[in-house]
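Report on one structure; see the data block that follows.
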Amino acid sequence: MIMSPEEALAVKLERLRGEHRDLDAAIDAMAKDPACDQLAMRRLKKRKLHLKDEIARLEDRLTPDIIA
Numbered sequence: 002m003i004m005s006p007e008e009a010l011a012v013k014l015e016r017l018r019g020e021h022r023d024l025d026a027a028i029d030a031m032a033k034d035p036a037c038d039q040l041a042m043r044r045l046k047k048r049k050l051h052l053k054d055e056i057a058r059l060e061d062r063l064t065p066d067i068i069a
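Numbering (this note's numbering), first residue to last: 2 to 69.
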């Protein structure tokens with residue numbers, strides 16, 4: 002089955018949103034542990050921020066331009 006470019010972007014967007022949610026849960030779990038690795042937490046937060054930016058870019062590509 003062949004997907005249209007929009008469908009492929011929508012699938013990628015859902016995958017990224019899922020990864021973003023997983024990172025959020027991992028960061029919350031690490032924050033509850035006083036002996037957590039701060040460097041690892043910073044890396045997870047940086048990855049989460051990168052995913053957020055990529056999600057926003059994909060949403061912009063999927064949203065049609067409307068001239069007001």
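For each residue, glycine too, the CB sits at the ideal point set by N, CA and C.
Small disclaimer: the values here were computed from a predicted structure and weren't measured.
- By the neighbour-count criterion, in which 16 or more other beta carbons inside 10 Å mark a residue as buried, L52 falls on the buried side.
- Relative to the Cα of A11, the nearest Cα in the group I68, R62 and D66 belongs to R62.
- Taking the Cβ atoms as the reference, L24 lies roughly 6 Å from L45, within the contact range of under 8 Å.
- A check of alpha carbon separations from D54 across I3, A9, H21 and E8 identifies H21 as the nearest.
- Secondary structure note for I28: its alpha helix (DSSP H) is the uninterrupted segment P6 to K33.
- L40 and I28 have their C-alpha atoms roughly 12 Å apart.
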